[in-house]
Amino acid sequence: MNKLSREEIEFITKSLKEGKPLLDSYRYIIPFETKKEYELTYEGKEREEDILADTMAVPLQPVKTFGNGNGGWTNKLIFGDNLQVLKALMDDLEVYDKNTGRGKVRLIYIDPPFGTGDIYDAKGTAPAYSAKLQGAKFIEFLRKRLVFLRGILADDGTIYVRIDYHFEHYLKAVMDEIFEKNNFKNEIIINRSKYTKTASRRFLTKTDSLFFYTKSENYQYSSIRKEKPVEEQIWRPFLHLPGESKTNRYRVIEDKKFYPPQGRHWAFSQKNLDIAYSKGLAKINPKTGKPEIKTIDTEISNNWTDIPGYTARPGGYPTENSEVLLERIITASSNLGDLILDAFAGSGTTGAVSEKLGRRWIMIDCGKLAIYTMQKRLLNLRKEISNKGKPLKPKPFTLYNAGLYDYKMVKDLPWDKYREFVLKLFQCRDEKHRIAGVELDGYLGRDPVMVFNYKKHKDVILDRGFVDDLHKIFGDKVGYKFFIIAPAASVMFFEDYIEKGKTKYFALRIPYSIIDELHRKGFTHIKQPIREADVNDTIDAVGFDFIQIPDVECDYFIEDKKEQMEMDKSNKEIVIKINKFKSNILSKKPLKFENRETLSMIMVDYDYDGEVFDFDDVFYAEDLKKNKWEVRFDADKIDGQIMIIYIDIFGNEKREVKKLKDFKKL
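Its first residue numbered 115, the sequence shown is counted upward by one per residue in the working numbering.
Dropping the structure here:
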C-alpha cells in the first residue's frame with residue numbers, strides 16, 4: 115500500500131471534517147480491507163484498489179486512419195503497454211461509462227505469453243518465443259490486467275483466457291477471485307500446436323486450456339453445432355421425452371400421423387420435422403414403417419481439439435491463433451455489432467475474424483512487429499475464415515500510439531485538443547477554475563494546474579521572473595504545489611521546480627523526463643526484441659516518452675550473388691550495410707550505448723505504394739550482427755520502390771524510401 119504524504123493527510127482530514135467526498139484517487143489509497151472466502155496469496159500481490167489508483171493512464175494519439183470513418187465508430191489498433199492503455203480506455207465513453215461504472219465490451223479474448231521461461235515451437239522449425247516473466251511476477255502481471263479487463267467488460271460480457279499447463283491452476287484461482295467462481299463456465303481444451311517435440315519420461319503435451327468466464331449470470335451465449343463424422347451420421351428412431359402433450363401429440367410425415375408412446379411427447383416440433391424432411395434427413399423406414407431421423411451434426415462440448423489452436427504459415431507471426439478458433443469463440447459469445455477486445459493482439463487474429471463476422475474491435479500490443487503484422491493483415495483480408503475467398507475491405511480503423519508520442523503531432527494540435535491531451539498525459543483532472551482572478555485548467559490530485567498557452571503568448575518565456583510574478587499574484591492561495599505544463603523550449607530554468615514560500619512551482623515539460631518527486635515508480639520504456647525468440651516477451655512499461663528518431667548511416671549497394679541457387683530468379687543481390695545506429699533518448703541520467711547496441715530490427719516493404727507500409731520482411735539485430743551488420747535480399751524483390759524502417763529497442767523509427775537506382779553497383 116502507498117504511504118500518504120503530509121499534505122495528503124492534511125487534505126483528507128480537512129475534507130472529512132467538512133463532510134466533503136474524497137477524490138477517487140484517495141478512496142483507493144485509504145486501507146478499507148475486506149476479506150474474501152479464499153484468495154491466492156503470493157509475494158508482490160497488490161490490492162485491487164492500489165492497482166486502479168497507481169496505474170498510469172496514457173492518452174491515445176491518433177497516428178493514421180485507414181478508410182473513411184465518416185465521424186462514426188472506427189476500430190482501434192493501439193501500440194502501447196496494455197495495462198496503461200486499459201486504464202486510458204476507462205475514459206472512453208464507447209468502452210466504459212464512468213457515470214454508471216459499467217463496461218461496454220461484450221467479449222474479451224487474450225492469449226498472453228505463458229510465463230514459463232520455456233521456448234515454444236509454433237512452426238516446428240524455429241523457436242517462437244520465450245515467456246521469461248515467471249512465477250509470482252507473471253501471475254501479478256496478468257492479474258493487474260484482468261482487474262482492468264473486468265472493469266471494461268459489459269455486465270453481460272464474456273472473457274476467454276488462453277493458458278498452458280504450467281500456470282493454469284494459479285490463473286484459475288486468480289480469475290475466481292476477480293470474476294467470482296460462480297461465473298466460471300468452462301475449461302475448454304484446445305490444441306497446443308500442430309507440432310510437438312519428443313517428451314522425455316513423460317506424456318507428450320498437445321493441449322492448452324481456454325478459461326471461459328462471464329461477468330454475471332446474464333450473458334450472451336449461442337450454442338454451436340458441428341458436423342458429425344460420416345460414420346456417425348446414422349438413421350435413428352424419432353426421439354421422445356417424458357410428459358404428455360395435450361395438443362398436437364402427433365407428427366406428420368409423408369401424410370401419415372405418428373404418435374409417441376403413452377405418457378411421452380415428441381422431442382421436436384412439426385416445423386423442424388418438415389425442415390429435416392425437406393433436407394432428406396427424415397423418412398419412414400420401409401422395413402419397420404416407423405419414422406426415423408438422421409442427425410448430421412452435434413452440439414460442441416468443451417473439447418475443441420477438432421480444430422487447430424495455432425496457425426503455422428511460412429513467414430507468419432511466431433504465435434498466430436487460428437481463425438477457426440476465434441470464429442468459434444466470437445460466434446458463441448457475441449452478436450453483430452458487438453465490441454470485441456484483445457489486449458495481447460499479436461498477429462491480429464481477433465480483429466481479422468471480428469471484421470469477417472461483423473463485430474467492432476480493439477486490439478492492443480506493445481510490439482512494433484505485431485502492429486505492422488496486424489496492419490498488413492487487416493489491409494489484405496479475405497472474406498472467408500482462414501483467409502480464403504474474395505478480398506474483404508475492412509471497416510475504418512485507426513492506429514494509435516499510447517505511451518510513445520510524436521511531439522510534432524502533439525504540438526500541431528489545435529489549442530483545445532492540445533490542452534486536453536497534455537492534461538491527460540500528466541494525469542490531470544480537466545476542471546477549469548480561478549484563483550486570484552487567474553483562470554487555471556485543472557488539478558493534479560488536489561493541486562492546481564496551468565497549461566501554458568504558448569500559441570497565444572509566443573514571446574513569453576517561463577523563467578524565474580515568470581514564477582516570481584505568479585507567486586506575487588497567488589501568495590499562499592495555491593497550497594504546497596502548483597503545476598505549469600509547457601513546451602520544454604519555453605522553460606528557461608533547469609530545476610524540476612522553484613520554491614517560493616511554502617509553494618513549489620513545478621514545470622511539467624513537453625517533451626518530458628520524469629520528475630522523481632511526483633511519481634512513485636520510475637518510468638520504463640517498452641522494449642522491442644532483437645531476436646525472433648523474444649517477440650512475445652511480457653512487457654510492463656511505466657509512464658510515457660516522446661519519439662526520438664535514431665541516427666542511422668548505411669551504405670546501399672547491389673552486387674553479384676556469391677552463391678547462385680537454381681531457384682533464384684536474379685543473380686543480383688541488394689546489400690544494406692549498417693555502419694552506424696544510435697538512439698537518441700531523453701533522460702536525466704545520460705545513457706551510453708555502443709554503436710548498433712540499441713538496434714532492434716529492420717523491416718522492409720518491397721513494393722511500397724507511397725502511402726501505407728505493408729511490410730514483407732523483418733531482419734533482427736541478433737542475426738544482423740552475425741552477418742556483419744548487413745541486410746541481404748534478392749534484387750528482383752524490389753518492385754518500383756521499397757521502404758526500410760530501422761527500429762530501436764525503445765520503439766523509435768527511422769524510415770528510408772529507396773529505388774533500385776539508389777543502390778550503387780560494386
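Ideal placement from N, C-alpha and C gives every residue a C-beta, glycine not left out.
*Identify whether Leu539 lies in helix, strand or coil by the three-state DSSP scheme.*
Three-state DSSP puts Leu539 in a helix.
*What are the start and end residues of each continuous beta strand (DSSP E) run of 3 or more residues lying completely inside the region 289-328, in chain order?*
With a minimum length of 3 residues, the continuous beta strand (DSSP E) runs that stay inside the region 289-328 are 298-305, 321-328.
*Are there 16 or more other CB atoms within 10 angstroms of the CB of Phe317, so buried, or fewer, so exposed?*
Exposed, because fewer than 16 other Cβ atoms sit within 10 Å of the Cβ of Phe317.
*Are Tyr335 and Ala446 close, meaning C-beta to C-beta below 8 Å?*
Closer than 8 Å, so yes.
*Integer-rounded CB distance, given that Asp577 should sit under 8 Å from Met564*: Cβ-Cβ separation between Met564 and Asp577: approximately 15 Å, too far for a contact (criterion under 8 Å).
_Please tell me whether Arg220 and Ser448 are closer than 8 Å, where the distance is taken between their beta carbons._
Yes, Cβ-Cβ distance for Arg220 and Ser448 is below 8 Å.
*Among the residues of its own chain, which have a CB less than 7 Å from the CB of Met606, if the five just before and after it don't count?*
In chain order, Ile575, Leu576, Asp577 place their CB closer than 7 Å to the CB of Met606, counting only its own chain and leaving out the 5 sequence neighbours on each side.
*Would you kindly check if the distance between the Cβ of Thr433 and the Cβ of Gly460 is under 8 Å?*
By the CB criterion at 8 Å, Gly460 and Thr433 fall inside the cutoff.
*Among Ser392, Glu770, Tyr431, Lys134, nearest to Gly724 - alpha-carbon criterion*: Answer by Cα proximity: Glu770.
*In terms of residue numbering, what span does the alpha helix (DSSP H) encompassing Met170 cover?*
Careful: Met170 lies outside any alpha helix (DSSP H) and carries neither H nor E.
*What are the uninterrupted segments assigned as alpha helix (DSSP H) that are 4 or more residues long and contained completely in the region 447-527, given in chain order?*
Entirely contained in the region 447-527, the alpha helix (DSSP H) runs reaching 4 residues are, in chain order, 463-470, 482-492, 521-525.
*So, helix, strand or coil for Asp721, using DSSP?*
In the structure shown, Asp721 sits in coil (DSSP, three-state: anything other than H, G, I, E or B).
*In whole angstroms, what separates the C-alpha of Thr512 from that of Pro664?*
One alpha carbon belongs to Thr512, the other to Pro664, and they sit about 25 Å apart.
*List the whole-angstrom C-beta distance separating Phe458 from Asn196, where the pair is believed to meet the contact cut-off of C-beta under 8 Å.*
Under the criterion of beta carbons closer than 8 Å, Phe458 and Asn196 qualify as touching, at roughly 7 Å.
*Got a sec? Which residues, its chain only, sit under 8 Å from Asp674 by beta carbon, not counting five neighbours each side?*
Hits under 8 Å: Asn685, Lys686, Glu687.
*Gln198 burial status per 10 Å Cβ neighbour count (16 or more: buried)*: Classification for Gln198: buried.
_I need the DSSP call for Ala807, collapsed to helix, strand or coil._
For the chain, the structure presents residues 115 to 780; residue 807 sits outside this window and is missing.
*Mark Val172 as exposed unless 16 or more other C-beta atoms lie within 10 angstroms of its C-beta, in which case mark it buried.*
Answer is buried; the Cβ neighbour count reaches 16.
*asked:* Give me, in chain order, the residues of the same chain whose beta-carbon lies closer than 7 Å to that of Asn766; leave out the 5 immediate sequence neighbours on both sides.
replied: Result list for Asn766: Ile661, Gln662, Ile663, Pro664, Ser697, in chain order.
_Bounding residues of the alpha helix (DSSP H) (the contiguous stretch that carries Leu130)_ = Per DSSP, the continuous alpha helix (DSSP H) segment holding Leu130 begins and ends at 120-131.
*Report the rounded CA-to-CA distance for Asn300 versus Asn399, giving the unit in angstroms.*
So the two alpha carbons sit approximately 40 Å from each other.
_Where Tyr234 sits in the DSSP three-state scheme_ = Bear in mind that a pLDDT of 36 at Tyr234, under 50, signals an unreliable position, so the model cannot answer this.
*Based on Cα-Cα distance, which residue from Tyr156, Ser359, Ile763, Leu200 lies nearest to Ala167?*
The shortest C-alpha separation from Ala167 is found at Leu200.
*Please determine, among Lys482, Leu450, Asn501, the residue with the shortest C-alpha to C-alpha distance to Ala466.*
Nearest C-alpha to Ala466: Asn501.
_Please classify Asn417 as buried or exposed, where buried requires at least 16 neighbouring CB atoms within 10 angstroms._
Counting Cβ neighbours within 10 Å, Asn417 comes out exposed, since fewer than 16 surround it.
*Please report the Cβ distance between Met717 and Phe729, rounded to the nearest whole angstrom; I am assuming they are in contact, meaning their Cβ atoms lie under 8 Å.*
Cβ atoms of Met717 and Phe729 come within 8 Å of each other, at about 5 Å.
*Classify Gly551 as helix, strand or coil using the three-state DSSP reduction.*
Here DSSP, grouped into helix, strand and coil, assigns Gly551 to coil.
_Measuring only the C-alpha atoms, how far is Lys295 from Met289?_
Each residue's Cα considered, the two are about 8 Å apart.
*Run the CB neighbour count on Gly403, radius 10 Å, all protein chains shown included, and call it buried at 16 or more, exposed below.*
So Gly403 counts as exposed.
*Determine, using beta-carbon pairs with one atom in the region 434-444 and one in the region 352-371, whether at least three such pairs fall under 8 Å.*
No, they do not touch.
*Given Pro601, which residues of its chain have a CB within under 6 Å of its CB, disregarding the five upstream and five downstream residues?*
Counting only residues of its own chain and dropping the five nearest sequence neighbours on each side, Pro601 has a CB closer than 6 Å to the CB of Tyr568, Ile624.
*Would a C-beta distance cut-off of 8 Å place Lys329 and Leu256 closer than the cut-off?*
No.
*asked:* If you measure between the beta carbons of Trp475 and Asn709, is that distance less than 8 Å?
replied: In this structure, Asn709 does not lie closer than 8 Å to Trp475 by Cβ.
_Along the chain, where does the alpha helix (DSSP H) containing Ala390 start, and where does it finish?_
Segment 384-392, the alpha helix (DSSP H) holding Ala390.
_Just to confirm the assignment: which complete alpha helix (DSSP H) runs, minimum length 4, are found wholly within the region 169-230?_
Taking 4 residues as the minimum length, the alpha helix (DSSP H) runs contained wholly in the region 169-230 are 196-203, in order along the chain.
*Excluding the 5 residues preceding and the 5 following Phe747 in the sequence, name in chain order all residues of the same chain whose CB lies nearer than 6 Å to its CB.*
So the list reads Ile688, once near-sequence residues are dropped.
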